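The letter at position 99 of the sequence shown is residue 667 when you use our numbering, and the numbering goes up by one with no holes.
In this text, a Cβ means the ideal position worked out from N, Cα and C, and glycines have one as well.
These numbers were taken from a predicted model, which means no experiment stands behind them.
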Amino acid sequence: MAEKRPVNPPRRTAIAWCIITLASIFGIFNTVLFGIDGFDGGFALAFVSIFVFIMGIIIMVIYFRRARALDKMIKGENLLAHWTYSANEWRAYAEREHREQVETNRAMFIMISVIAVIVGVIFVIAVPDSLMSTLISIGGLIIIIGFTAVFVTWYRRSQNQKYIGEVYINRDGAYINRELHTWTGLGARLENASMDDKHLGQAIMSFGYSAPGRYNRYFYNARVPVPLGKEKEAKEVLDKIIKSHLNVSGASTI
């Protein structure tokens, strides 16, 4: 029986946006194809559809590129490691990750909320008539941020509980339980890499990388649990990645 290949989430996203992009073409030419009057919403629909079309092209390029990178990784091209985990081993890792993410998100939520309230108070003092609109804006912002933090934490935990972990690693990225991290291409770069072999009884590899954003670079951290007995292999993998991307000799181990 042939081994079942892992799914490729970036390809699904790329195909979905391909469909959306194709559909937007009908919106662009809605006045011609469907006879919608331009001044009766046709021009507005065309304008929005043009925006969706442009964004769709960009997103398709990004995700098809990511899908291709993941395909190569899954096929074993330049693969450095492919690890699976026992149910107990993965459950312990997932629970630790969940607790740490909850603490991080809570601290971030409190910090952003405090800053938002301070800015709101200053704005109300400067423009007293804006009290109600400021309350609505600040309150809405805090609710959105809180919901996003809770949803992201819940989704990642549900994924880790639903699927027993599987990891693929090559020099340019890692596929960690259905989540792809790449630190090459489209302006991405590896910032740091290390291994903590004293992390509550389980070694953890950590890859910090960044990618271009709208105004500055966004920073990400990929944490890979090392299966019991694979610590030596993990250090060799880490050493190769560091030499390839950071021009440093030798792996960094905490």
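- Between I618 and I596, the C-beta spacing is below 9 Å.
- When Cβ pairs closer than 8 Å are counted between the two stretches, the segment 650–659 is seen to touch the segment 728–739, the count reaching three or more.
- In the DSSP assignment, N789 falls within the beta strand (DSSP E) that extends over 785–793.
- Contiguous beta strand (DSSP E) elements confined to the segment 710–745 occur at 734–738, 741–744, taking only those with 3 or more residues.
- The C-beta of K800 has fewer than 16 other C-beta atoms within 10 Å across all chains shown, which makes the residue exposed.
- Your pair A779 and G755 checks out as a contact, with CB atoms roughly 6 Å apart and the cut at 8 Å.
- Under DSSP, I772 forms a beta bridge with D764, P793.
- As DSSP reads the structure, E671 sits in no beta bridge.
- For I772, the number of other beta carbons within 10 angstroms of its own is at least 16, and it is reported as buried.
- Bounds of the beta strand (DSSP E) holding A649 are 647–652.
- Between G741 and M628, the gap from beta carbon to beta carbon reaches 9 Å or more.
- In the DSSP annotation of this structure, the continuous segment of the alpha helix (DSSP H) that includes T589 starts and ends at 577–596.
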